[in-house]
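In the working numbering, the protein residues as written are 2 to 288.
Just so it is clear, CB atoms sit at the ideal spot from N, CA and C, and this is done for glycine as well.
The structure presented is a predicted model; accordingly, all values stated were derived computationally and were not measured.
Single-structure report; data block below.
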Ligand SMILES: NC(=O)c1ccc[n+]([C@@H]2O[C@H](COP(=O)([O-])OP(=O)(O)OC[C@H]3O[C@@H](n4cnc5c(N)ncnc54)[C@H](OP(=O)(O)O)[C@@H]3O)[C@@H](O)[C@H]2O)c1
């Protein structure tokens, strides 16, 4: 009997994590989920996963979850946890030969996210200095980011947000998971820096129009000015440098659509999922 791959998924109860856990289980891996103590979202995880209580802010708490693991589906909760402990976490992961799939960002791919802004590029940099077999999933925005419109859609249908004309190649979080699962369970993905995107260019206000079609009611977009949007983001807890980076990027995307790729199709053998498909599956979140 061949040994089952043991894979640890961090940040497991967010938007992407449950997809990664399910797909790893479906592929026959033995799956561990790193979950914060008293995580209210643990119910999102499918049956069959082994829950390990741990905190990326406390590297020693990862020891039991890493013991005997062959791979790590690594996600760092950038908005809620600083990266002070990232070097120690990466060191622990690198202490034995393992595969790592890191969910990174298109911002690194196009050179907008420098190493010193303590975000995705920084963790890529830490992994590059180890001997683990890493694969970077440099993803565009998740389709799930549209959940940020849900409150305004439920409360009347006018979405007020900056840069409606910003055109992205947003990606289904389940497709990001699928590429990561291949990277962890199949040979040939080590050292690859994949740009993981959706299949099409869709402006933000067009996403809202599509949601309106799916919900069968008209929805409207109203641009919020740059400075007002920045103030609101910072008040909501965004680090100011991330807010500036995101808004400048969106401004740029009103002139030139976001760069995309065929990676999902090339790696998984099936087309990347569209925003409309995602919207139909998540319609209840907007009702
Ligand atoms: N959204 C995008 O457009 C985008 C684009 C590029 C890259 N990414 C990357 O994609 C990854 C996944 O995003 P997501 O939207 O799925 O994540 P998310 O929904 O923000 O979830 C974050 C997860 O991390 C957990 N967590 C929080 N603090 C933790 C800690 N100290 N130790 C361990 N776990 C902790 C949270 O647990 P609780 O539920 O208990 O809070 C939650 O399960 C992130 O690394 C993000 O940077 C996202």
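Query                                                                                                                                                               : Result
I need the straight-line Cα distance from residue 14 to residue 42, nearest angstrom please.                                                                        : 6 Å
Using DSSP with H/G/I as helix, E/B as strand and the rest coil, what is residue 246?                                                                               : helix
Quick check on the DSSP output: the beta strand (DSSP E) that includes residue 70 runs from which residue to which?                                                 : Element bounds for residue 70: n/a, residue is neither H nor E.
Just checking residue 83 against ligand 1 - is the residue's beta carbon closer than 6 Å to any of the ligand's heavy atoms?                                        : no
To which residues of the same chain is residue 178 closer than 7 Å at the C-beta, ignoring the five residues directly before and after it?                          : 17, 20, 21 and 24
Who are the near neighbours of residue 84 in its chain, counting only those whose CB is closer than 8 Å to its CB and skipping five residues on each side?          : 77, 119, 120, 123 and 124
Does residue 271 come out as helix, strand or coil in the three-state DSSP assignment?                                                                              : coil
Can you tell which of 38, 61 and 51 has its C-alpha closest to the C-alpha of residue 30?                                                                           : 51
Is residue 38 closer than 7 Å to residue 60 when the C-beta atoms are compared?                                                                                     : no
Can you give, in chain order, each stretch of the beta strand (DSSP E) that sits fully within the segment 160-220 and has at least 3 residues?                      : 194-197
Are there 16 or more other CB atoms within 10 angstroms of the CB of residue 96, so buried, or fewer, so exposed?                                                   : exposed
Any contact of the segment 158-174 with the segment 192-206, i.e. 3+ C-beta pairs under 8 Å?                                                                        : yes
Assuming residue 102 and residue 184 are in contact, meaning their beta carbons sit under 8 Å apart, how far apart are those beta carbons, in whole angstroms?      : 4 Å
Would you tell me roughly how many angstroms separate the C-alpha atoms of residue 54 and residue 73, rounded to the nearest one?                                   : 15 Å
On the CB-based measure, 16 or more other CB atoms within 10 Å of its CB, does residue 105 come out buried or exposed?                                              : buried
Name the DSSP beta bridge partners of residue 33, please?                                                                                                           : 9 and 51
Which whole-angstrom value describes the C-beta separation of residue 186 and residue 6, a residue pair presumed to lie in contact below a C-beta threshold of 8 Å? : 6 Å
Measuring alpha carbon to alpha carbon, tell me which residue in 286, 281, 276 and 68 is nearest residue 204.                                                       : 276
Shorter than 6 Å, the distance from the beta carbon of residue 279 to the closest heavy atom of ligand 2, or not?                                                   : Questions concerning ligand 2 fall outside what the structure shown contains, since the ligands it does hold are ligand 1.
Have a look at residue 12 and residue 80 and give me their C-alpha separation to the nearest angstrom.                                                              : 12 Å
At the level of alpha carbons, what is the spacing between residue 271 and residue 265?                                                                             : 7 Å
Any heavy atom of ligand 1 closer than 6 Å to the beta-carbon of residue 40?                                                                                        : yes
Counting only the same chain and skipping the five closest in sequence on each side, list residues whose C-beta sits under 7 Å from that of residue 99.             : 70, 71, 72, 73 and 133
From residue 224 to residue 214, what distance separates their C-alpha atoms?                                                                                       : 20 Å
Mind checking residue 157: buried by the 16 CB within 10 Å criterion, or exposed?                                                                                   : exposed
Can we count residue 234 as close to ligand 1, meaning its CB is less than 6 Å from some heavy atom?                                                                : no
Which runs of the alpha helix (DSSP H) spanning at least 4 residues fall entirely within the segment 100-151, listed in chain order?                                : 107-110 and 121-129
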